[in-house]
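Numbering (full-length UniProt numbering) for the sequence shown: 1 to 177.
Positions of the beta carbon are idealized from the N, C-alpha and C atoms, including for glycine.
This one's a predicted model, so the numbers in the text were calculated from it and none came from an experiment.
To start, the structure itself, in structure tokens.
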Amino acid sequence: MLIRGKVGLRAREEDDVATLRAELYNDVVNSARAEGGPWRPVSAKDPRLETDGQSDETHVPFSVVEPENGTLIGSANLWGIDTHNRFAHIGVGLLPSCRGKGYGTDVVAALCHYGFTVRGLHRLQIETLADNTPMLRAAEHNGFTREGVLRDSAWVMGEFLDEVVLGLLAREWNQTH
Ligand SMILES: CC(C)(COP(=O)(O)OP(=O)(O)OC[C@H]1O[C@@H](n2cnc3c(N)ncnc32)[C@H](O)[C@@H]1OP(=O)(O)O)[C@@H](O)C(=O)NCCC(=O)NCCS
1 MLIRGKVGLR
11 AREEDDVATL
21 RAELYNDVVN
31 SARAEGGPWR
41 PVSAKDPRLE
51 TDGQSDETHV
61 PFSVVEPENG
71 TLIGSANLWG
81 IDTHNRFAHI
91 GVGLLPSCRG
101 KGYGTDVVAA
111 LCHYGFTVRG
121 LHRLQIETLA
131 DNTPMLRAAE
141 HNGFTREGVL
151 RDSAWVMGEF
161 LDEVVLGLLA
171 REWNQTH
């Protein structure tokens, strides 16, 4: 398990699937805001819930747990892994009861450790809605820079919203870790 502060990142297990599906991916508004696409009914075969972790080289899904007792608190992933440009995106989704407690900042740190140190990537990127203050803050606490605003780039539940692109380079991460 990859442990950073208050969180551990481990492989997705079968026992996680029902909770993540019910509390995270079946939540229409959360999904529409967090996933960059329309909410759809979530099947048991949805790639976000896969448990073998082997089906797609460009995507590494983790379950997020409290390391001391193993309680499931959410999902995290590295996606769009590009081994030529050594680049990937970060995604995080915490269960509703686990938000606003500082876990998100530690999850981003654990994903950075995985991306830069374990995988040798050069750049990590986050795209999030411009009004998603918790995600913006969790990213900036880990050294991410706001690189731009994509105006009206996301259609979310009946309106176009701006997205912010944030980036962090390996050399910037290494200066602080
Ligand atoms: C986004 C998310 C991962 C952030 O994790 P979190 O554990 O809730 O955030 P943290 O507790 O680490 O807080 C990070 C910062 O945001 C602030 N914050 C937290 N919740 C907030 C809220 N509702 N409104 C404003 N600020 C908030 C915290 O005060 C903290 O800032 P500070 O340290 O400068 O005071 C989590 O809220 C989540 O899973 N949300 C739903 C899914 C989602 O939006 N995913 C991101 C898609 S790109």
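- Below 8 Å, too few C-beta pairs join the stretch 133-140 and the stretch 42-62 to call them touching: fewer than three.
- For T128, the Cβ falls inside the 7 Å cut-off from some heavy atom of ligand 1.
- In the displayed model, N174 falls within a helix according to three-state DSSP.
- Short note on L72: C-beta not closer than 7 Å to any heavy atom of ligand 1.
- Setting aside the 5 residues that flank it on each side, V17 is surrounded in the same chain by L49, each with a C-beta closer than 6 Å to its C-beta; the list follows chain order.
- Contact annotation: the stretch 65-84 touches the stretch 101-114, with at least three C-beta pairs closer than 8 Å.
- In the DSSP annotation of this structure, S97 is not part of any alpha helix (DSSP H), being labelled neither H nor E.
- Comparing alpha-carbon positions, the option among N142, W155, D152, R151 lying closest to E172 turns out to be N142.
- Assigned with DSSP and collapsed to three states, E14 falls in helix.
- A contact is defined here as three or more CB-CB pairs under 8 Å, and the stretch 117-129 meets this definition with respect to the stretch 157-164.
- Rounded to the nearest whole angstrom, the CA to CA distance from R151 to N69 is 42 Å.
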